[in-house]
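Mapped onto the UniProt record's numbering, the consecutive letters of the sequence shown carry residue numbers 1 to 371.
For each residue, glycine too, the CB sits at the ideal point set by N, CA and C.
These numbers come from a predicted model, not from an experiment.
For reference, the structure is listed below as structure tokens.
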Amino acid sequence: MAAPARRLCHIAFHAPAGLPLARDLQRLFGFQPMAVREADGWRQLALRSGDAVFLVNEGAGPAEPLYGLDPHHAVPSATNLCFDVADAGAAARALAALGCSVPVPPVSVRDEQGTATYAVISSPAGNLSLTLLDRTGFCGPFLPGFRPVPSAPGPGWVSHVDHLTLACTPSSSPKLMRWFHDCLGFHHLPLSPGEDPELGLEVAAESGPGGLRLTALRAPTGSAVPTLVLAESLLGVTSRQDQVEQFLARNGGPGLQHVGLYTPNIMKATEGVVGAGGQLLTPPEAYYQQPGKEKQILAAGLEPSLLARQGVLLDGDRGKFLLQVFTKSLFAEDTFFLELIQRQGATGFGQGNIRALWQSVQEQAARVQEA
């Protein structure tokens with residue numbers, strides 16, 4: 001591995017000026033502003049909930065935004081993952097030696113609270129770039145060049161980033177898996193017993209054509225980097241409502257489809273999000289009527305009618321459960337969305353929940369087309 005990632009520092013978005021993304025992250029999902037930079041045509045606002053940090057880059061300046069790259073992308077999207085590394089300069093040189101493009105060579109930024117060095121590399125995942133950051137010489141709340149923003153404590157709905165899901169073109173997952181392994185030290189994480197890394201986990205739709213191939217990757221042992229999930233449509237799927245193909249078309253190619261945000265209390269979090277005006281995907285009506293589903297929910301110590309009312313999915317057995325809920329897209333282009341996830345001992349992603357998400361997105365797309 002050329003540049004082992006030690007920690008996810010932040011996830012950066014690129015949005016045109018005036019888009020309410022930063023406001024929505026704060027008002028609907030409980031993120032609080034922590035630092036801001038306004039210079040060179042850019043407004044960069046960092047927001048935090050627990051250890052999860054989003055950086056919203058608004059505008060389009062003559063130079064690149066600090067700690068990132070102007071993707072010159074046609075639609076707003078999540079465009080950058082920033083990873084902490086031991087030595088940003090050495091990491092960039094090692095990746096360049098592997099053939100990686102380094103559009104922003106190592107540069108140091110200094111203010112009164114210290115220095116940080118970073119470089120930006122292009123990834124093979126569409127418009128997604130990766131920032132390699134060494135901030136060991138900095139003691140401020142965020143990064144050099146930003147000024148702190150006073151804010152009240154948030155509601156605490158989100159504690160950290162659980163996973164990152166990339167929407168990929170068909171059959172590209174093995175190549176992406178090797179790239180993340182060779183460059184950043186990620187390893188295959190089986191989602192089912194005996195899983196072939198080249199094939200991943202195939203999850204077919206309950207009825208009709210459709211389905212997903214998922215390949216999960218874990219960061220080097222001892223790091224604080226979320227699981228990376230590669231999602232692609234099964235070969236031969238041609239439905240216009242396929243969720244991954246829909247993302248690829250509307251995003252203009254591969255990219256970060258959604259971020260799974262861990263919540264210590266998913267019922268409290270979903271109640272808060274909906275109460276603030278957030279919109280969640282509605283699971284298929286049949287999901288909660290599946291044989292054994294009520295018993296499964298009760299075994300987790302939860303009330304089936306409450307889960308159904310709030311649209312929370314539950315999967316698992318033997319005392320280990322996974323609870324998930326998905327938002328509608330944060331952008332009008334219907335691309336990127338968020339997931340709230342709570343784990344009660346479960347480590348995977350739940351095939352039943354994956355199918356339910358698949359069908360929820362398909363039904364939502366059908367409703368949009370009919371409107």
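Review point. Taking Cβ positions, are Thr117 and Pro106 nearer each other than 8 Å?
Key: Yes.
Practice item. Could you pull the start and end residues of the beta strand (DSSP E) that Gly137 belongs to? Key: In the DSSP assignment, Gly137 falls within the beta strand (DSSP E) that extends over 129-138.
Review point. If you check the beta carbons only, do Leu21 and Val56 fall under 8 Å apart?
Key: Less than 8 Å separates the beta-carbon of Leu21 from that of Val56.
Exercise for review: For residue 391, name the three-state secondary structure that DSSP assigns.
Suggested key: Here the chain comprises residues numbered 1 to 371, so residue 391 is not present and cannot be evaluated.
Exercise for review: Starting from the C-beta of Lys320, find all residues in its chain whose C-beta is less than 7 Å away, skip the five residues before and the five after it, and write them out in chain order.
Suggested key: The residues Gln344, Gly345, Ala346, in chain order, have a CB closer than 7 Å to that of Lys320 in the same chain once the five nearest residues on each side in sequence are set aside.
Practice item. Could you check what DSSP says for residue 376 in three-state terms: helix, strand or coil? Key: Residue 376 falls outside the range modelled here, since the chain spans only 1 to 371, and no answer is possible.
Practice item. Between the Cα of Ala224 and those of Gly185, Leu234, Pro254, Ala204, spot the shortest distance and give me the residue it belongs to. Key: With respect to the C-alpha of Ala224, the residue from Gly185, Leu234, Pro254, Ala204 having the closest C-alpha is Gly185.
Review point. Which whole-angstrom value is the C-beta distance of Leu191 and Ala216, which I expect to be below 8 Å?
Key: Going by Cβ atoms, the distance from Leu191 to Ala216 rounds to 5 Å, so yes, they are a contact pair.
**Study point:** First and last residue of the uninterrupted beta strand (DSSP E) at Arg218
**Key:** Counting along the chain, the beta strand (DSSP E) containing Arg218 begins and ends at 211-218.
Point to revise | Reference Leu307, options Arg318, Gln289, His160, closest by Cα | key: The shortest C-alpha separation from Leu307 is found at Gln289.
Practice item. Evaluate the contact criterion for the stretch 268-276 versus the stretch 160-173: three or more CB pairs, one atom per stretch, below 8 Å. Key: Touching, no, given that fewer than three Cβ pairs across the two stretches are closer than 8 Å.
Review point. Just to confirm, are residue 389 and Gly140 a CB contact at a threshold of 8 Å?
Key: Residue 389 lies beyond the range of the chain shown here (1 to 371); nothing can be said about it.
Exercise for review: Go to Trp42, then tell me how far its beta strand (DSSP E) extends in each direction, as first and last residue.
Suggested key: 42-49 is the span of the beta strand (DSSP E), which, as asked, contains Trp42.
Exercise for review: Run the proximity test for Val56: is its beta-carbon closer than 7 Å to any non-hydrogen atom belonging to the ligand PLP?
Suggested key: Absence of the ligand PLP from the depicted structure is noted, as is the absence of any ligand whatsoever, leaving it without description.
Practice item. Would you check if the distance between the CB atom of Asn127 and the CB atom of Gly41 is smaller than 8 Å? Key: Cβ distance not < 8 Å, so Asn127 and Gly41 don't count as in contact.
Review point. Residues in its own chain within less than 6 Å of Gly89 by CB, not counting five upstream and five downstream?
Key: Closer than 6 Å at the Cβ level, and outside the excluded window around Gly89, lie Pro106.
**Study point:** DSSP state of Thr115 mapped onto helix, strand, coil
**Key:** It is a strand residue.
Check your understanding: From what residue to what residue does the beta strand (DSSP E) around Phe186 run?
Key -> In the DSSP assignment, Phe186 falls outside any beta strand (DSSP E), carrying neither H nor E.
Exercise for review: Give the DSSP-derived three-state secondary structure of Ala3 in the structure shown.
Suggested key: Coil.
Practice item. Report the three-state DSSP secondary structure of Lys175 (helix, strand or coil). Key: Residue state, collapsed to three classes: helix.
Point to revise | N-terminal and C-terminal residue of the beta strand (DSSP E) that Arg343 is part of | key: For Arg343, the uninterrupted beta strand (DSSP E) segment begins and ends at 337-344.
Exercise for review: Could you tell me the distance, in whole angstroms, from the CA atom of residue 373 to the CA atom of Leu323?
Suggested key: Since the first and last residues shown for the chain are 1 and 371, residue 373 lies out of range.
**Study point:** Nearest neighbour of Arg309, chosen from Glu339, Ala299, Val274 [CA to CA]
**Key:** Restricting attention to Glu339, Ala299, Val274, the CA atom closest to the CA of Arg309 is found in Val274.
Review point. Cβ of Asp70 within 8 Å of Cβ of Ala60?
Key: A distance below 8 Å separates the beta carbons of Asp70 and Ala60.
Practice item. Would you kindly check if the distance between the Cβ of Leu81 and the Cβ of Phe54 is under 8 Å? Key: No, the Cβ-Cβ distance between Phe54 and Leu81 is not below 8 Å.
**Study point:** Span separating the alpha-carbon of Leu95 from that of Gly222
**Key:** Approximately 22 Å, taken between the alpha carbons.
Exercise for review: With DSSP as the reference, please indicate the residues paired to Pro148 in a beta bridge.
Suggested key: Partner(s): Ala35.
Practice item. Pull up the distance between the alpha-carbon of Phe349 and that of Asp111, whole angstroms please. Key: Distance between the alpha carbons of Phe349 and Asp111 is about 42 Å.
Point to revise | Assigned secondary structure, Ala22 (DSSP; H/G/I helix, E/B strand, else coil) | key: Ala22 falls in the helix class under three-state DSSP.
**Study point:** Val274 - containing alpha helix (DSSP H), residue span
**Key:** Run containing Val274: 266-275, per the alpha helix (DSSP H) assignment.
Practice item. Identify which residue in Leu199, Ala97, Tyr67 has its Cα closest to the Cα of His14. Key: It is Tyr67 whose Cα lies nearest to the Cα of His14.
Check your understanding: If we ignore side chains and look at the alpha-carbon of each, how far apart do Arg23 and Pro193 end up?
Key -> About 43 Å.
Review point. Can you tell me the Cα-Cα spacing of Gly145 and Leu280, whole angstroms?
Key: Roughly 36 Å between the two C-alpha positions.
Check your understanding: Measuring CA to CA, which of Gln246, Leu19, Ser329 is closest to Thr282?
Key -> Out of Gln246, Leu19, Ser329, Ser329 has the C-alpha closest to the C-alpha of Thr282.
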